[in-house]
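In my numbering, the protein residues as written are 1 to 82.
All C-beta atoms, glycine included, are put in the ideal place defined by N, C-alpha and C.
The structure displayed is predicted, hence computed values, not measured ones.
Reviewing the structure listed below.
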Amino acid sequence: MKLQIATDIANTETVFSIADAVHDVIDILEVGTPVITKEGLVPVYHVKLRYPNLCVFADTNIIDGEAMECEDACKAHADIVM
1 MKLQIATDIA NTETVFSIAD AVHDVIDILE VGTPVITKEG LVPVYHVKLR YPNLCVFADT
61 NIIDGEAMEC EDACKAHADI VM
């Protein structure tokens, strides 16, 4: 069983505040759609830089067949893309 926390908020500062508080007790950190929509995939990249051993889930809400969005999320070092 894996423990995941979702950060469905719209600002990177709060994503990092949450990540800083829980990174050592969770398995997966979800960078949610609101912040990705507002700021792009930069927050995903920076979370992975700060916590390279943490599984980062980029919740981009990709619709079927959107290979480019998936590729961009992978380039930002997301471990899981949705």
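Around the beta-carbon of Thr14, fewer than 16 other beta-carbon atoms lie within 10 Å, marking it exposed.
In this model, Val47 and Asp59 are separated by some 14 Å (Cα to Cα). Taking a contact as a CB-CB distance under 8 Å, the pair Gly40 and Asp8 does not count as one, their CB atoms being some 16 Å apart.
Non-local beta-carbon contacts of Ile26 in its own chain, meaning distances under 6 Å to residues more than five positions away in sequence, involve Leu3, Ile5 in chain order. If you check the CB distance, Tyr51 and His23 come in under 9 Å. Judged by DSSP secondary structure, Leu54 falls outside any beta strand (DSSP E); it is assigned neither H nor E.
Ile80 counts as exposed, since fewer than 16 other beta carbons sit within 10 angstroms of its beta carbon.
In the three-state DSSP reduction, Ala10 falls in the coil class, being neither helix nor strand.
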